[in-house]
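**Student:** Dropping the structure in here first, questions after.
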Amino acid sequence: MEGERQMHQGNWTCSGCNAGISELPFEPRDTSNLMCRDCHSKSRGNAPRKEKQMYQGDWKCAGCGSGISQLPFEPRDTSNLKCMDCFKKEKGF
Ligand SMILES: [Zn+2]
Ligand SMILES: [Zn+2]
68 MEGERQMHQG NWTCSGCNAG ISELPFEPRD TSNLMCRDCH SKSRGNAPRK EKQMYQGDWK
128 CAGCGSGISQ LPFEPRDTSN LKCMDCFKKE KGF
């Protein structure tokens, strides 16, 4: 286990959200395709759970018809939303 990881300081821009990046856990070779921590974890599909923003709303599940009051993302297409149960079923959990 590494106790302290060395961070590389710099002045880069995230290619995903254009946020400034001041430090990275590695020295970037290609600076044209850098991602901030948020975008990086999003692209890997494992955004840290505690920092996840929940969107409140009044939607309906397209699968079972039950109400959905919050989602971990802002839905663009509200006609095909799935509640957590149906979503898990669909994914085969
Ligand atoms: Zn970003
Ligand atoms: Zn459902």
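Residue numbers (this note's numbering): 68 to 160. Cβ atoms here follow ideal geometry from the backbone N, Cα and C, with glycine treated the same way. Only a predicted model underlies this, so the values are computations on that prediction, with no experimental measurement involved.
#1: Residues around ligand 1, please: the condition is that the C-beta lies closer than 6 Å to some non-hydrogen atom of it.
#2: Which value, in whole angstroms, describes the spacing of the CA atoms of cysteine 131 and proline 142?
#3: With 16 as the cutoff for other CB atoms within 10 Å, does methionine 74 come out buried or exposed?
#4: Tell me whether methionine 121 is buried or exposed, calling it buried when 16 or more other Cβ atoms sit within 10 Å of its Cβ.
#5: According to DSSP, simplified to helix, strand and coil, what is aspartate 125?
**Tutor:** For this structure:
#1: Working through the chain, the matches are Cys81, Gly83, Cys84, Ala86, Met102, Cys103, Asp105 and Cys106.
#2: In the sequence shown, residue 131 corresponds to position 64, counting from 1. In the sequence shown, residue 142 corresponds to position 75, counting from 1. A straight-line Cα-Cα distance of about 18 Å links cysteine 131 and proline 142.
#3: Your numbering for residue 74 matches position 7 in the sequence shown. The residue in question, methionine 74, is exposed, as its Cβ has fewer than 16 Cβ neighbours within 10 Å.
#4: Here the question's residue 121 lines up with position 54 in the sequence shown. Its Cβ having fewer than 16 others within 10 Å, methionine 121 is exposed.
#5: Counting from 1 along the sequence shown, the entry for residue 125 is found at position 58. Of the three classes helix, strand and coil, the one that applies to aspartate 125 here is strand, per DSSP.
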